[in-house]
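Scroll down for the structure; my scribbles are underneath it.
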Amino acid sequence: MSFDRIPKGSLILVTGATGLIGSAVTDAALRHGFKVRGVTRSISKASAFVKSLEDKYGKGAIELVEVKDLTVPDAFDGILDGVAGVLHLATDGSMSPSYEVVVGSVVQATVGLMKAAAKAPSVKSFILTSSRIAVFAPDYDQPDISPKLDQWADHLVTAAKQTPDDHPMKSVLVYAASKVEGEHAAFDFYNSARPSYAFNTVLPDLVFGPVFNPTPGTYSTHTLLNNLFLSEPEPFILNFVKPASLAVDVRDVASIHLAALLSTSMQEKRIWAAAHRFEINDILAIWREEFPERKFVEDFKLPSQPKITLDLAESKELLRAFEGRSWFPFKESVIANVQGGPLGGAAKVLHRVGCLDAIR
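Counting in my numbering, the sequence shown runs from 41 upward without gaps.
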């Protein structure tokens, strides 16, 4: 398998570069010998991230550009100069219940960047981060399913439009709809405009593992899982694991993104970034074994987990050919989630602030 669509040393644009997946992708690109131009909404908040990367890869390893609003017509003017590959990870993760705002912004930003890239002759490859939710949502009423990559969860778009704003699942449905509609819009544009660059999408499932950005903040499912570790009374992550689908380490997600960007055999494909079947009580069991001094919430009483079978052969082959390994083990990911990240992870935070005994 060849990974020379873009020569090493080339410049790669990463949107959402300071986020959970974006920071891991940025680190992976630098580790593999590429230059990175990262897009962020606030450069002033990214100084610690830049320093951490320069400490590892040298001064000037990363260039950050600030784009406060990805939806405006001139949002990407100038930032694609000299760029060979685009990894579009930025999305609306606000969990707002407003369908028009969230879905509209995701579609506008995605198509806007693809149009801008089509005008930049240096761009050879473009990857969009979609989501497993763009294909299917696990359901206790479907105990045995084998979703395929030619499926689309269009029913979630309908549900997002019809669900009242005050419904507790409205924001989750709107987020799901943004992934469905964003990816639809991307393929529609690509198929109609036929730009010169290769285009593919990566569909991660539930992402755990360490954060590569040391700046304190909220990092999607990494933070949600840490909140469970810290005994949040009604953890929001339950909305994503009733029932659960598959988990994947953020480092594997980053590698899949970069491999898909560089592979000469990838063209107009959707590819899974998903590894391990699990349920939330499996995570609690791992933590109880790893942190015996901690008292965690009781196991959740949930129906039997549905059996979900995904064809991961292409993803596994891509990862092994690119990195020479398979998926990070699930246990390693959920432990790294609470040990690696801003402030040293949730586990170290408890020791530092002296609240281990207080929350037992």
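For glycine and all other residues, C-beta sits at the position ideal for the given N, C-alpha and C.
Run the CB neighbour count on A156, radius 10 Å, all protein chains shown included, and call it buried at 16 or more, exposed below. buried
So, under 8 Å CB-CB, L265 and I277 are touching, yes? Tell me the CB distance rounded to an integer number of Å. 6 Å
Just mark L383 as buried or exposed, buried being the case when its beta carbon has 16 or more other beta carbons within 10 Å. Confidence is the limiting factor: at L383 the pLDDT is only 47, short of 50, which leaves the residue's position unreliable and the question unanswerable from this model.
Neighbourhood of S373 by C-beta distance below 7 Å, restricted to the same chain and skipping five residues each side: F248, G249, A287 and D289
Going by CA-CA distance only, name the one from L213, Y180 and V54 that's closest to D194. L213
Distance, Cα to Cα, N377 vs H262? 6 Å
Check for me: the beta strand (DSSP E) holding V112 runs from which residue to which? From DSSP, V112 is part of no beta strand (DSSP E); its letter is neither H nor E.
Are the stretch 83 to 98 and the stretch 154 to 170 touching, with three or more C-beta to C-beta distances below 8 Å? no
Per DSSP, which residues does T304 bridge with? Please list them. None, per the DSSP bridge assignment.
Confirm, please, whether the CB-CB distance from V105 to V79 is below 7 Å. yes
Can you list, in chain order, the residues of its chain with a C-beta nearer than 6 Å to that of K188? Leave out the 5 residues immediately preceding and following it. none
Residue burial classification, L390 (beta-carbon count within 10 angstroms, cutoff 16): For L390, the predicted model reports a pLDDT of 45, less than 50, meaning its position is unreliable; a value from the coordinates is still stated below. With 16 or more Cβ atoms within 10 Å of its Cβ, L390 is classed as buried.
State buried or exposed for G73, treating a residue as buried only when at least 16 other CB atoms are found within 10 Å of its CB. exposed
With a threshold of 6 Å (Cβ to nearest heavy atom), would I83 be considered close to the ligand FAD? Judged by which ligands are present, the structure shown has none, so any question about the ligand FAD falls away.
May I ask you to list the residues that DSSP assigns as paired with D184? K347
Using the three-state DSSP reduction, which class does H128 fall into: helix, strand or coil? strand
Based on Cα-Cα distance, which residue from T198, Y230, F368 and G125 lies nearest to T304? G125
Assess contact between the stretch 190 to 209 and the stretch 116 to 131, defined as three or more Cβ pairs (one per stretch) separated by less than 8 Å. Is contact present? no
Along the chain, where does the alpha helix (DSSP H) that runs through G62 open and close? L60 to R71
Through-space distance from D228 to F252, alpha-carbon basis: 33 Å
Cβ atoms of P283 and Q182: under 7 Å apart, would you say? no
Can you have a look at V54 and say buried or exposed, based on whether 16 or more other CB atoms are within 10 angstroms of its CB? buried
For M135 and G152, what's the separation of their Cα atoms in angstroms? 22 Å
In chain order, which continuous runs of the alpha helix (DSSP H) of length 4 or greater are located wholly inside the stretch 262 to 336? 290 to 302 and 320 to 330
In DSSP terms, what L243 is bridged to: W312
Using a Cβ-Cβ cut-off of 6 Å (strictly less than) and excluding sequence neighbours within five positions of P235, which residues of its own chain qualify? A158
Just mark K99 as buried or exposed, buried being the case when its beta carbon has 16 or more other beta carbons within 10 Å. exposed
Which residue wins for smallest C-alpha separation from M41, given the options L358, W367, S366 and P369? L358
Taking the alpha carbon of K219 as the reference point, which residue from D206, V123 and D245 has its own alpha carbon closest? D245
Give me whichever residues DSSP pairs with T169 in a beta bridge. V242
Using 7 Å as the threshold, is the C-beta distance between V76 and I102 below it? yes
Excluding five sequence neighbours on each side, which residues of the same chain lie with their C-beta closer than 6 Å to the C-beta of R81? K108
Do F368 and R291 count as a contact pair if the criterion is CB distance below 7 Å? yes
Exposure of V112, with buried meaning 16 or more beta-carbon neighbours within 10 Å: exposed
Please state the DSSP three-state secondary structure of F74. coil
What would DSSP say about E363, mapped onto helix, strand or coil? helix
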